[in-house]
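So the sequence lines, in the order shown, correspond to chains A, B, C and D.
Note that the first sequence covers residues 401 to 566 in this note's numbering.
Note that the second sequence covers residues 401 to 566 in this note's numbering.
Note that the third sequence covers residues 401 to 566 in this note's numbering.
Note that the fourth sequence covers residues 401 to 566 in this note's numbering.
We put the CB at the ideal spot given by N, CA and C, even for glycine.
The structure presented is a predicted model; accordingly, all values stated were derived computationally and were not measured.
Protein chains: 4
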Amino acid sequence: MERIRILVTGGTFDKEYNELPGALFFKSTHAGDMLRLGRCLLDVEIEPLMMIDSLQMTDADRALILARCRDVPEARIVITHGTDTMAETAAVLGPGTQGKTVVLTGAMVPYTFGSSDGMFNLGTALAFVQTLGEGVYVAMNGLCFAWDNVRKDKKKGIFEAVKADG
Amino acid sequence: MERIRILVTGGTFDKEYNELPGALFFKSTHAGDMLRLGRCLLDVEIEPLMMIDSLQMTDADRALILARCRDVPEARIVITHGTDTMAETAAVLGPGTQGKTVVLTGAMVPYTFGSSDGMFNLGTALAFVQTLGEGVYVAMNGLCFAWDNVRKDKKKGIFEAVKADG
Amino acid sequence: MERIRILVTGGTFDKEYNELPGALFFKSTHAGDMLRLGRCLLDVEIEPLMMIDSLQMTDADRALILARCRDVPEARIVITHGTDTMAETAAVLGPGTQGKTVVLTGAMVPYTFGSSDGMFNLGTALAFVQTLGEGVYVAMNGLCFAWDNVRKDKKKGIFEAVKADG
Amino acid sequence: MERIRILVTGGTFDKEYNELPGALFFKSTHAGDMLRLGRCLLDVEIEPLMMIDSLQMTDADRALILARCRDVPEARIVITHGTDTMAETAAVLGPGTQGKTVVLTGAMVPYTFGSSDGMFNLGTALAFVQTLGEGVYVAMNGLCFAWDNVRKDKKKGIFEAVKADG
């Protein structure tokens, strides 16, 4: 079985509720818990790169993600990422990642809140990354978008194709 | 966007807890709720065929599922199914369903129990059905098996390939 | 702070879903997890006596519960119990337990299923046991019934007073 | 059965996650849902007074709460309230509410997040309000404090007595 790498960058996916200040924060990634809950038997290596809100993501952060996509031995990579700038990161990775299949995914609601779309999205991302050819994709809302044909509609909280026939 | 049909047959996926007798039972499918929770924007038609434990599934039930796979207008079909005889149903559909992509999936724990693998599995199934070519498949544990190369290990509660290089 | 003893006897409260046979079973009590989730700071001693469905409870089991109510050093005792025969056990403890406040409680839905009444019922039981005088009570549905004035309406799944002015 | 009034003022108890800005907000109270989940059969009247974070609560807000405690026909009242200034509101109500039993409660984690202490606290509050005599109390952490002997330890996120023998 071909190993898949999951690069963790944070995002709503991994936010938790801190009851003392009553605010959201990052502790550690839930990707492993989610794979166990999904009874996932894929050969997966989880690598936390950063734990940040994607609105805080800098060019340097994106350069690091790109470098890891190039350097890791696996040819199939899933990236968990905040939704707000997921399309921007995809646009950086798209031209720079040859010979690999990279799928970005995330969640609109934190996994720990019980009503999250995270489990569904992670499931789609892990299936897309196994079956799609070389390229960089965004997997959200059950759909899979090419890196150069996706944007987040921030008013609706959904992803959509940019091109008319997307 | 190409429409996907979800044929619902029951299974653990859709079981609920009936508090009066204190037993599990079927009421109606949760597939629609699950798609909403997953913020799924695919064009999906949900068709409940039966609501049964797959150990109770008869040859006539499987003939009905096969007939629906052939007759529905969609070329991409997901079937929610109990895990105990999922491989048997796949073996009936495999030789009889040409020109379509059919993915069977299910869950080890009911969706309503909070700790279910159902959301993850449904996510993988909907991604596999969009990307795989013609054929009948089982999507469980993050993996996708061809209909003639899958069995459930009932002691471990997992699916595995039958052939050594599966 | 006066210590409270929780005697655990099983019941729906503590049932779990075993995914291999697809059936409900008992593993160990969730009373400790529930107190942690409730941020409970009471001085509580949890003592598992048995882990059974209350329909299986025998006279010998009830004699054991009665003996423990008499023998434990605490004067305030909560008993977690299946709902089907909770009133019968209360009727055994009522005449036999002097000088103590004993509150039986349980749940219609297992704690592990997410939509349980267990947390609410445990909260009421721990409050009633602190404030009520000597006697044996059943705490269900937010109400508190004396041991000689309670029955379960098994069709409705609720508890009610037997006497008109109960 | 004596009717109990629940006065809703907001607090963490009723906060929800708004997925578009990714922030917590108030929509409407969950008190009714929680009573249904708890299979509560008490005669309860829910009255939303305000939906605010208790750090934003003003003297005018507290005057309104006090006026409602005096004016409502029920002699037994539960108030859901943010934890940060629960003790301050209790101190306003204590001297001003004669002839009634008033219990303030809340939660450290929103009810909608699945891992909340809200169901437990609401259970304790509804039990305390039925059994305690005239006075104003805070029900948190399984405990019940008199209005003039309680404070929140904000570092630990718990409530405690002020007086040594509290």
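(message) Counting only C-beta atoms, is residue 537 of chain C closer than 8 Å to chain B at any point?
(response) Closer than 8 Å: no.
(request) Return the chain-ordered ranges of every beta strand (DSSP E) run that is complete within the stretch 406–433 of chain D and spans a minimum of 3 residues. (result) Those beta strand (DSSP E) runs which fall completely within the stretch 406–433 of chain D and span 3+ residues are 415–418, 423–426.
(request) Compute the Euclidean distance between the alpha carbons of residue 553 of chain A and residue 560 of chain A, then round it to the nearest angstrom. (result) Roughly 7 Å between the two C-alpha positions.
(message) Can you tell me where the beta strand (DSSP E) holding residue 520 of chain B begins and where it ends?
(response) Per DSSP, residue 520 of chain B belongs to no beta strand (DSSP E); it is in the alpha helix (DSSP H), 518–531.
(request) Apply the 10 Å Cβ neighbour rule to residue 510 of chain A and answer buried if 16 or more other Cβ atoms are within range, or exposed otherwise. (result) It is buried - the Cβ of residue 510 of chain A has at least 16 other Cβ atoms within 10 Å.
(message) By DSSP's criteria, residue 544 of chain D is part of a beta bridge. Which residues make up the other side?
(response) The bridge partners DSSP lists for residue 544 of chain D are D:539.
(message) Could you tell me the alpha carbon to alpha carbon distance between residue 523 of chain C and residue 540 of chain D, rounded to whole angstroms?
(response) Going by C-alpha positions, residue 523 of chain C is about 10 Å away from residue 540 of chain D.
(message) Give me, in chain order, the residues of the same chain whose beta-carbon lies closer than 7 Å to that of residue 562 of chain B; leave out the 5 immediate sequence neighbours on both sides.
(response) Result list for residue 562 of chain B: 549, 550, 551, in chain order.
(message) Starting from residue 534 of chain C, trace the beta strand (DSSP E) in both directions and tell me its first and last residue.
(response) Taken as a continuous stretch (DSSP letters only), residue 534 of chain C belongs to no beta strand (DSSP E), as it is neither H nor E.
(message) Does any residue of chain A have a CB that is nearer than 8 Å to the CB of residue 519 of chain D?
(response) Output row for residue 519 of chain D: interface = no.
(message) Between the alpha carbons of residue 485 of chain D and residue 455 of chain D, how many angstroms are there, rounded?
(response) Straight-line Cα distance between these residues: approximately 6 Å.
(request) Determine, using beta-carbon pairs with one atom in the stretch 445–459 of chain B and one in the stretch 511–522 of chain A, whether at least three such pairs fall under 8 Å. (result) Contact fails: fewer than three Cβ-Cβ distances are below 8 Å.
(message) Please report the distance separating the alpha-carbon of residue 474 of chain B from that of residue 403 of chain A.
(response) Each residue's alpha carbon lies about 33 Å from the other.
(message) Determine whether the beta carbon atoms of residue 394 of chain A and residue 542 of chain B lie at a separation below 8 Å.
(response) Not covered by the structure: residue 394 of chain A. The range shown for chain A is 401 to 566.
(message) Buried or exposed, going by whether 16 or more other CB atoms sit within 10 Å of the CB of residue 414 of chain B?
(response) Residue 414 of chain B counts as buried, since no fewer than 16 other beta carbons sit within 10 angstroms of its beta carbon.
(message) I need the boundaries of the beta strand (DSSP E) containing residue 451 of chain A, first residue and last residue.
(response) Run containing residue 451 of chain A: 444–452, per the beta strand (DSSP E) assignment.
(request) Would you identify the three-state DSSP class for residue 553 of chain C, choosing helix, strand or coil? (result) In this structure, residue 553 of chain C counts as strand in the three-state DSSP scheme.
(request) Have a look at the DSSP bridge pairing and note the partners of residue 559 of chain D. (result) Note: residue 559 of chain D sits in a beta bridge opposite D:552.
(request) Look at residue 478 of chain D and residue 503 of chain D and say whether their C-beta atoms are less than 8 Å apart. (result) Their beta carbons are under 8 Å apart, which means residue 478 of chain D touches residue 503 of chain D by this criterion.
(request) Take the Cβ of residue 493 of chain C as the centre, count every other Cβ of all protein chains shown within 10 Å, and call the residue buried at 16 or more, exposed below. (result) Buried is the label assigned to residue 493 of chain C, since at least 16 other Cβ atoms lie within 10 Å of its Cβ.
(message) Run through chain C and tell me which residues come within less than 8 Å of residue 417 of chain B, C-beta to C-beta.
(response) Going along chain C in sequence order, the residues near residue 417 of chain B (Cβ under 8 Å) are 509, 510, 513.
(request) Drop a sphere of 10 angstroms on the beta-carbon of residue 419 of chain C, count the other beta-carbons inside from all chains shown, and report buried for 16 or more, exposed for fewer. (result) The residue is buried, with at least 16 neighbouring Cβ atoms inside 10 Å.
(message) Checking the sheet assignment: what are the DSSP bridge partners for residue 465 of chain B?
(response) In the DSSP output, where bridge partners are listed per residue, residue 465 of chain B has none listed.
(request) Report the three-state DSSP secondary structure of residue 439 of chain C (helix, strand or coil). (result) Coil at residue 439 of chain C, not helix or strand.
(request) Identify the continuous alpha helix (DSSP H) that holds residue 492 of chain B and give its terminal residues. (result) Run containing residue 492 of chain B: 486–496, per the alpha helix (DSSP H) assignment.
(message) For residue 436 of chain A, tell me which candidate among B:518, B:536, B:545 has the shortest Cα-Cα distance.
(response) Nearest to residue 436 of chain A by C-alpha distance, out of B:518, B:536, B:545, is B:518.
(request) Specify, as a first and last residue, the run of the beta strand (DSSP E) that residue 504 of chain D falls within. (result) First-last of the beta strand (DSSP E) with residue 504 of chain D: 501–505.
(request) Excluding the 5 residues preceding and the 5 following residue 512 of chain C in the sequence, name in chain order all residues of the same chain whose CB lies nearer than 8 Å to its CB. (result) By the criterion of a C-beta distance shorter than 8 Å, residue 512 of chain C is surrounded in its chain by 415, 416, 417, 430, once the five residues flanking it on both sides are discounted.
(request) Can you give me the start and stop residues for the beta strand (DSSP E) that residue 478 of chain A sits inside? (result) Per DSSP, residue 478 of chain A is one residue of the beta strand (DSSP E) stretching across 476–480.
(message) Taking the straight line between their C-alpha atoms, what separation do you get for residue 515 of chain C and residue 515 of chain D?
(response) Rounded to the nearest angstrom, the two C-alpha atoms are 11 Å apart.
(request) Report all residues from its chain with a CB closer than 6 Å to the CB of residue 566 of chain B; omit the five preceding and five following residues, and keep chain order. (result) Bear in mind that a pLDDT of 46 at residue 566 of chain B, under 50, signals an unreliable position, so the number given afterwards is only what the model happens to contain. For residue 566 of chain B, same chain residues with a beta-carbon under 6 Å away, outside a window of 5 residues either side, are 549 in chain order.
(message) Am I right that residue 480 of chain A and residue 497 of chain A are in contact with their C-beta atoms under 8 Å? What's the rounded C-beta distance?
(response) Actually they are not in contact, since the Cβ atoms of residue 480 of chain A and residue 497 of chain A sit about 17 Å apart, beyond 8 Å.
(request) Leaving aside the five residues before and after residue 578 of chain C along the sequence, list all residues of the same chain whose C-beta is less than 7 Å from its C-beta, in chain order. (result) Only positions 401 to 566 of chain C appear in the structure, and residue 578 of chain C is not among them; the question remains open.
(message) Could you tell me the alpha carbon to alpha carbon distance between residue 443 of chain D and residue 410 of chain B, rounded to whole angstroms?
(response) Spanning the two alpha carbons is a distance of roughly 39 Å.
(message) Which residue wins for smallest C-alpha separation from residue 427 of chain A, given the options A:460, A:408, A:532?
(response) Closest option to residue 427 of chain A, Cα to Cα, is A:408.
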